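S.K.:
There are 4 protein chains.
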Amino acid sequence: MKRKLATFVALITGVMIMVSWTVSPKKNENPAPHKTIKSHWPNGDQLVISVSMQFETGGQPEGAESPFSGNPLPKGQPDLAAESWYRYGATEGIYRMLDLWKKYDIKVTSHVVGAAAVRYPEVAKAIAAGGHEMAAHGMSWDNQWNKNYADELQFVKQGVDAVAAITGQKAVGYNANWLRRSPNTLKVLQELGFLYHIDDLSRDEPFLTKVNGKNFVVMPYTLRNNDIVNIAGNHWTPEMFLSQLKMEFDQLYAEGATKRRMMSISFHDRIGGTPAVVKAMDDFIKYAKEKSGVVFMRKDDIAKMVINDPNTPVDNAEAQYNK
Amino acid sequence: MKRKLATFVALITGVMIMVSWTVSPKKNENPAPHKTIKSHWPNGDQLVISVSMQFETGGQPEGAESPFSGNPLPKGQPDLAAESWYRYGATEGIYRMLDLWKKYDIKVTSHVVGAAAVRYPEVAKAIAAGGHEMAAHGMSWDNQWNKNYADELQFVKQGVDAVAAITGQKAVGYNANWLRRSPNTLKVLQELGFLYHIDDLSRDEPFLTKVNGKNFVVMPYTLRNNDIVNIAGNHWTPEMFLSQLKMEFDQLYAEGATKRRMMSISFHDRIGGTPAVVKAMDDFIKYAKEKSGVVFMRKDDIAKMVINDPNTPVDNAEAQYNK
Amino acid sequence: MKRKLATFVALITGVMIMVSWTVSPKKNENPAPHKTIKSHWPNGDQLVISVSMQFETGGQPEGAESPFSGNPLPKGQPDLAAESWYRYGATEGIYRMLDLWKKYDIKVTSHVVGAAAVRYPEVAKAIAAGGHEMAAHGMSWDNQWNKNYADELQFVKQGVDAVAAITGQKAVGYNANWLRRSPNTLKVLQELGFLYHIDDLSRDEPFLTKVNGKNFVVMPYTLRNNDIVNIAGNHWTPEMFLSQLKMEFDQLYAEGATKRRMMSISFHDRIGGTPAVVKAMDDFIKYAKEKSGVVFMRKDDIAKMVINDPNTPVDNAEAQYNK
Amino acid sequence: MKRKLATFVALITGVMIMVSWTVSPKKNENPAPHKTIKSHWPNGDQLVISVSMQFETGGQPEGAESPFSGNPLPKGQPDLAAESWYRYGATEGIYRMLDLWKKYDIKVTSHVVGAAAVRYPEVAKAIAAGGHEMAAHGMSWDNQWNKNYADELQFVKQGVDAVAAITGQKAVGYNANWLRRSPNTLKVLQELGFLYHIDDLSRDEPFLTKVNGKNFVVMPYTLRNNDIVNIAGNHWTPEMFLSQLKMEFDQLYAEGATKRRMMSISFHDRIGGTPAVVKAMDDFIKYAKEKSGVVFMRKDDIAKMVINDPNTPVDNAEAQYNK
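Below, the structure written as C-alpha cells:
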C-alpha cells in the first residue's frame, strides 16, 4: 500500500507538471527524475537552501533591541526582564534548533558573536559538535560601518579568534551587524582569509565579485525569511512565517528547473529558537523535503562549490570600494 | 459513493445559487455565457484588471525608504546593504515579473523612473520588448507637488524623453511620486500630450475630467492591492496579499455584471518581484482566469477605450485646478 | 434532496447542542426552536447585531487621518491624493454598503457628520431612503471633549439640523469624534432630546444611566469590530476582519442563550465601503444568518426596546458628571 | 469508497508516524498511555500549562495604555472613552474568563493589582470563589524598578494585604509592572514570604535560584502567548493568537516526552476577556485536552511541586543581586 501511495503522489505530481507544461511550455521544463535534471548547480540539485543560525546572546549591549527596548530604562539600571529574554537564546533557543537540525540531518551556518561564545562557551561547542559551520559575526554587537580599516580588521579578527579558541573552528564566512558593512569590509575579510560574506540582498544565488583583483563570494542573505525582521519586527505569527517560507520555496523551486536558485533562511537564538517558530520550521523542512533535488547546505560548502565554477555569475556593482 | 459526493456538492452549490437569486434578483443577474453579458465596458468584458509594475531602482535618493531607512546612516556614508536591497529590483525583480506576465500572456503598465532606465537600460528594454506599456513616473524620485509649472513640466518631460531614448516608446500615462501631484499636474500632462494619470483613489472605474476644456482620463490607482503599501509598509505576508486580491476580485467581478468595474494592482521591482509575491500573483491570476469576461489590460489601452465612450463617468471634483 | 440537506444540518446542529449541554449544562441552555427561547431580550431573540455606518467624507479637516497623513504636506498645500481617497467614500463606499444592506434587508445606523451631508446631500438622502437610521456625529470633524456646554450644544445641534434639513430625519443617537465626549455630553444630548449615545466600551449590551435624574441609554460601541481601528489602523486584511467577526459572533451567540448580548460592528464610508471589506461583511452576514434568533437592528429601535424594560442593566459609573 | 478513504487517511497517518519514528527515535518516544510516561515532572504529566489572568482594571493611572493613549488628552481632562474601555475588564472580561475556566474545570493564577480589588471587590471575590490563585501584582500600576528597598517592600505588601482583606487569600507569587523588577525584588519577596515570581523569560520550565541562600522559584512567564503583547500591542487577531498557542503547544508537548516542559499563557481582564479571545482560548483548551498527559495548573501548585524536587534546574544567573 505504501507503494500505492507513492504512485498516487507521483501521478498527482505528473498531472501538475503536465498542466504547467501546457500553460508555459518554455519556462517550466519538466524537472522530472532527479538524476537527469540539467541543473545549473554544479552538484545537480534543483534548489539549495541554506539556514543561518545567529548566536548573539550575551554579546548584546545595554538597551539592545528587545520587547522592552521601546521603553528603555535609564542608563545603568539593569533591565532584568530584557536580560532574561536574551538568556533564553542560550538556555533554550540554540539547543532547540540544534535538535531540529539533528532530526533532519541538516547542517547550518552559525554566525557567532565572539562575546556570546566567550559568555556561553558550552553553547558554541554544542553548535560546532553538531557539524555546523562556525561563521563570524564580529567580536560584539557593535557598528562596523563607521570603523577605520585597522579597527575593523581588529574587530573581525578578535571575533574569529575567540570562537576558534573555544571550538577549534576558524570562520571563512562573515555577517556584519545589521548587514551594515563599511566600504572596506570586503578587503578586510579577504586579508583575513575569508571566502565569502552574506551582507547582500541583490540576488537569489551566490555570485563572485573582485576584491583586490581576486574572486570573493557574495552569498545571498534574506530579510524575507528572517525571524528578527518578520517575527520580532513585523509581528508575524510563526504560521505566517511558515506561509512565507512555503511560497518562497514554491517559486524558487520552480525556477530552479532552469536556473541556479538559492533560498536563504535566518534565525536568531532567542527568536527562532522559541517553540512555535521551531515547529514552523519543522513543518517547512518536511514540506521542502517532499520535492526531489532539494538540499540544505552550509554556506562554506556552497562557497567552495561556486567559487571556481564558470557558471557562477560575476557582479562588480561595488567595484569602486573593492580595490 | 464518489458520485454521491459530487452530487451533494452540486446540490449545495445549486442551493446557494438559488438563494442568492432569491435574495437579490436584480443585482446578481446571471452573468452566464460571456458573449451575451450586457456589460458596461465597451469591449463586453465583465471586469478589467490592470497591473502597474513600477521600475524605480537606481533612481532612489540617498536614504530612500528601505528596510534600513528607519535607522539611517549619516549623510554621505554609503548604506551598502540598503543599496543591495534596491539592486534586487533590477537583477531579479523585474525579470521575475516579466516571466510571470509572459506565462499568462498579460500586458501590464510599467511606470518607469527616468533615472532607473538610464542606470539599467537593459531592464527598460526588456520591459518594452515584452509588449508592456512604458508609462512615466518622473525623471527621478523627487517631490512633484512643490514644483512650479515650468519645473514640473521639465521634470516630467525629462523622464519621458529618457525612457523614449532607450526604448523608443513615449509615455501617455503618468504616476507622480507617492501619488502626490501638484495643482498644475494635469495641465502639465495635457500640454505634454498625455492621455491619462493614475494618482486618484476616488473610484473603481476610469472617469473623464476636463483639463483646459478637453477630456483627460483619470485611471483608478490602488493602495489596497499595492505591494509597497501592504507588504513593505503594513507587513502583510504574500498570502495575506493574495487573500486581499481574491476578495476584492470577488466583489468587483460580481458588481461587474451590472456596471463598469476596474481592478487595479500595483507592484514595485524590489518588492513585487520577490519570489513569494510572484507566487501569490501567479495564484491570483489563475483564480481570476477561472471566471469568464475577465481581461488584463494596459492602462493606455483602457484610456483609449473609454475616452470617447459616452458611458464613461465624468467627474470634475478638481475643476478649480484644471483651467 | 433539499429536505435531506436541511435534515442533515439540523442533525449536526443538534449534535453540537448536545455536546455543549454535556460540557456546560448550566451556561448553554438549549437555544432550540426560536420561539421557545427564554431570551433576555424583550423581542425574544438570542443575539442582536447592530451595524454603524459612519458617513464623514467631505467633513474632514485638512490633514485628516489618511494613508498619506503620516507624512503631511505643508499647511495650505492641497493633498490631492488624500482628498481623492476620501472622495471614494461618497462615490463608491456608501453606495456599495447600501447595496449590501439591501441584499440582506438589513437596517443600520448611520452616524452622519453634518458637513458631509451638506457636501454630498445625495448620499445622505440615499442612506435615509434605504430605511436606515440617521444618527448624529457632530457638525464637523472636530474635538468635542474641550468645548464648553453652550458650544458643545450648538455643535451637536447644528449637525442634527443639517442632516434633518436634507433628509427630514432627526437624530436620537450620538457618536462623538473618536468617541471622546466631554463630561457634559450626556446632559447636552438629553437637553436636545437624544435617546442614546454609543461612546462607551464597557459592556456587551445596552444599559441605562441617569442623566439629570432621567434614564438615558448607553449603547455598546466597538473597537474590536471596527474597520477604522483594525483595517486602516492595525492593517488587518479583510479576511482577518472576517475572522474577528465570526469568532466574536460565535462567543456572543453562545452567551446569548442565557443572557442579553449585543454585537456591535462599525464601518466608515471610505474603508468599510471598499470591495474586499464589503465581501467580508457579506460572508459574515451569511454566517450569522445561519443561526436562529439572530437579528440585525438599528440602534434607535434597540434603544426604544430597552429603555423601559426592567431587565435592562443600570450603570451609573459616571454619575459624577451627569447631574 | 468511504471506507477506502478512511483507510487511506489512516495509512497516511501511519506513514507519517513511521517517518517520525525513523528520523528521531530518541526524541519522540511514544507518549502512549498516560500512566506509563517516564515524565520529568513529579506528577507524571507530559506538559504543564499555566494561565495567568491579570486583574488590573481600576488600578490604572491617568493616561494608561489603551487604544486611546497614543493621542492623550491634556492632564486632568477625563478620557471617558478610555475609562469605559477599562471598565469592560470588570463588567465583562473577568466574568467571561471565569465562565471559561469553570466550563473546563481549570484553575488559573490571577495577578491582582491591589487598587483593582479595592475598586471592584466583587470581582476579586468572584475570582477567589472560583478556586483560582490570588497572586500579587503591586498595590497599583506603578514602576517598581526604581523604588528603594523599603518603598518596594511597602508597595508589594500593601497590594498583598488589600487583596487578602477582601478575599482572605494571601499571595505567594509575584508579577511586577511590565515584568520590570528592581535588583532587590527577589529579596523583598522572600522577606514577605513569597514562594515564586514570574518576571523571567529565560526558560520553558520553572527553576530554582538562591536568594539570601534559600531556594526561590522562578516561574516562566511569556510574551509569546500574551494577549497584551500580541493582541493589543502587535494587533494579532484572536485567530492568529490561537495559531500561536497551538504551534507552541505542539512543540512543547512533543519535547515533554523527554524533558520537563511548561507552557505559560497570559490574559488581561479587558483584552483576554473579550468574546473572540475567549472563543480562541476555548478552542485551544479543547485542542490541548485531546492529548494525554496535559494538565492546567495554578502557579502556586507548580511552585510547591518543584521547589523540593531534585530534578528542578538551578540557575543563579542573577546571583549578584540576590545576596
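Protein chains in written order, with UniProt numbering: chain S, 1 to 323; chain F, 1 to 323; chain C, 1 to 323; chain V, 1 to 323. Even glycine gets a Cβ: it sits at the ideal position worked out from N, Cα and C. Please read these numbers as outputs of a predicted model, since none were measured by experiment.
Closer than 8 Å, CB to CB, is residue 192 of chain S near chain V or not?
M.R.: Chain V contact via Cβ: absent.
S.K.: Using a Cβ-Cβ cutoff of less than 6 Å, which residues in the same chain neighbour residue 285 of chain F once the five nearest sequence positions on both sides are dropped?
M.R.: Excluding residues within five positions, the ones whose Cβ falls inside 6 Å are 104.
S.K.: With a threshold of 6 Å on Cβ separation, who are the neighbours of residue 276 of chain C within its own chain once the five nearest residues in sequence on each side are excluded?
M.R.: The answer, listed in chain order, is 238.
S.K.: Once you ignore the five residues that flank residue 88 of chain F on each side, which residues in its own chain have a CB closer than 6 Å to its CB?
M.R.: Cβ within range, chain order: 270.
S.K.: With DSSP as the reference, label residue 88 of chain F as helix, strand or coil.
M.R.: Here residue 88 of chain F sits in helix by DSSP.
S.K.: Give a yes or no on whether the C-beta atoms belonging to residue 288 of chain V and residue 242 of chain V are separated by under 8 Å.
M.R.: It is not a contact, given that the beta carbons lie outside the stated cut-off.
S.K.: Rounded to whole angstroms, what's the CA-CA distance from residue 42 of chain S to residue 309 of chain S? Just pull it up for me.
M.R.: For residue 42 of chain S and residue 309 of chain S, the distance between alpha carbons rounds to 8 Å.
S.K.: Can you give me the C-alpha to C-alpha distance between residue 142 of chain V and residue 135 of chain F, rounded to a whole angstrom?
M.R.: Cα-Cα distance, rounded: 58 Å.
S.K.: Do residue 173 of chain S and residue 198 of chain S have their beta-carbon atoms positioned less than 8 Å apart in this structure?
M.R.: Result yes, Cβ atoms of residue 198 of chain S and residue 173 of chain S sit closer than 8 Å.
S.K.: Alpha carbon to alpha carbon, what distance is there between residue 156 of chain F and residue 45 of chain F?
M.R.: Roughly 33 Å separates the two Cα atoms.
S.K.: Assign residue 47 of chain F to one of three DSSP states: helix, strand, or coil.
M.R.: In the structure shown, residue 47 of chain F sits in a strand (DSSP, three-state: E or B).
S.K.: Apart from the five residues on each side of it in sequence, which residues of its chain come closer than 8 Å, Cβ to Cβ, to residue 160 of chain F?
M.R.: Correct list, in chain order: 114, 136, 170, 171 and 192.
S.K.: Suppose contacts are defined by Cβ-Cβ distances below 8 Å. Is residue 209 of chain V in contact with residue 301 of chain V by that definition?
M.R.: No, they are not a contact pair.
S.K.: Tell me, to the nearest whole angstrom, how far the beta carbon of residue 52 of chain S is from that of residue 132 of chain S; I am working on the premise that it is less than 8 Å.
M.R.: Contact flag wrong, Cβ pair sits at about 10 Å.
S.K.: Quick one: does residue 291 of chain S have its CB under 8 Å from some CB of chain V?
M.R.: No, residue 291 of chain S lies away from the interface with chain V (no Cβ there is under 8 Å from its Cβ).
S.K.: Assign residue 184 of chain C to one of three DSSP states: helix, strand, or coil.
M.R.: It is coil, neither helix nor strand.
S.K.: Could you tell me which of S/261, S/233, S/223 and S/245 sits nearest to residue 207 of chain S, measuring between CA atoms?
M.R.: For the residues S/261, S/233, S/223 and S/245, the minimum Cα distance to residue 207 of chain S belongs to S/261.
S.K.: So the alpha helix (DSSP H) residue 242 of chain S belongs to, where does it begin and stop?
M.R.: Run containing residue 242 of chain S: 238-255, per the alpha helix (DSSP H) assignment.
S.K.: Three or more beta-carbon pairs under 8 Å between the region 219-232 of chain S and the region 180-194 of chain S, yes or no?
M.R.: Touching, no.
S.K.: Take the Cβ of residue 116 of chain C as the centre, count every other Cβ of all protein chains shown within 10 Å, and call the residue buried at 16 or more, exposed below.
M.R.: By the 10 Å Cβ count, residue 116 of chain C comes out buried.
S.K.: Does the beta-carbon distance from residue 162 of chain C to residue 118 of chain C come in below 8 Å?
M.R.: Yes; because the gap between Cβ atoms is below 8 Å, this pair is in contact.
S.K.: Can you find a C-beta in chain S that's less than 8 Å from the C-beta of residue 41 of chain F?
M.R.: Cβ-Cβ to chain S under 8 Å: no for residue 41 of chain F.
S.K.: My guess is that residue 248 of chain F and residue 225 of chain F are in contact by the Cβ rule of under 8 Å, so how many angstroms apart are they, rounded?
M.R.: At roughly 6 Å, the Cβ-Cβ gap stays under 8 Å, so residue 248 of chain F and residue 225 of chain F are in contact.
S.K.: Apart from the five residues just before and just after residue 164 of chain F, which ones in its own chain have a Cβ nearer than 6 Å to its Cβ?
M.R.: Contacts found: 170.
S.K.: Should residue 137 of chain F be flagged as near chain C, meaning a C-beta pair shorter than 8 Å?
M.R.: By this cut-off, residue 137 of chain F is not an interface position.
S.K.: May I have the straight-line CA-CA distance separating residue 212 of chain S from residue 179 of chain S, to the nearest angstrom?
M.R.: Residue 212 of chain S and residue 179 of chain S: Cα-Cα distance of roughly 22 Å.
S.K.: Looking at the unbroken beta strand (DSSP E) that takes in residue 100 of chain S, where does it start and where does it end?
M.R.: From DSSP, residue 100 of chain S is part of no beta strand (DSSP E) but of the alpha helix (DSSP H) over 94-103.
S.K.: Applying the 10 Å Cβ sphere with the 16-neighbour rule, what's the burial state of residue 204 of chain S?
M.R.: Buried, since its Cβ has 16 or more Cβ neighbours within 10 Å.
S.K.: Excluding the 5 residues flanking residue 63 of chain S on each side, which residues of the same chain have their C-beta closer than 7 Å to its C-beta?
M.R.: 69 and 72.
S.K.: Would you decide whether residue 32 of chain F is buried or exposed? Buried here means 16 or more other CB atoms lie within 10 Å of its CB.
M.R.: At residue 32 of chain F the pLDDT is 37, less than 50, meaning the model places this residue with poor confidence; the figure from the coordinates comes in the next sentence. The residue in question, residue 32 of chain F, is exposed, as its Cβ has fewer than 16 Cβ neighbours within 10 Å.
S.K.: Reducing DSSP to helix, strand and coil, say where residue 144 of chain F ends up.
M.R.: Three-state result, residue 144 of chain F: coil.
S.K.: If we call anything under 8 Å between Cβ atoms a contact, is residue 50 of chain F one with residue 299 of chain F?
M.R.: Cβ atoms of residue 50 of chain F and residue 299 of chain F: closer than 8 Å.
S.K.: Going by DSSP, what residues sit across from residue 109 of chain S in a beta bridge?
M.R.: In DSSP, residue 109 of chain S forms a bridge with S/52 and S/133.
S.K.: Suppose the cutoff is 7 Å on Cβ atoms and the five residues either side in sequence are ignored; what does the same chain contact list for residue 282 of chain F look like?
M.R.: Here the set comprises 100.
S.K.: By Cβ distance, which residues of its chain are closer than 7 Å to residue 147 of chain C, with the 5 residues on each side in sequence left out?
M.R.: Cβ neighbours of residue 147 of chain C beyond the five flanking positions: 155 and 182.
S.K.: So, at 7 Å on beta carbons, what are the nonlocal neighbours of residue 177 of chain S in its own chain, with the 5 sequence-adjacent residues on each side left out?
M.R.: Once the five neighbours on either side are set aside, the close Cβ partners of residue 177 of chain S are 138, 141, 142, 143 and 144.
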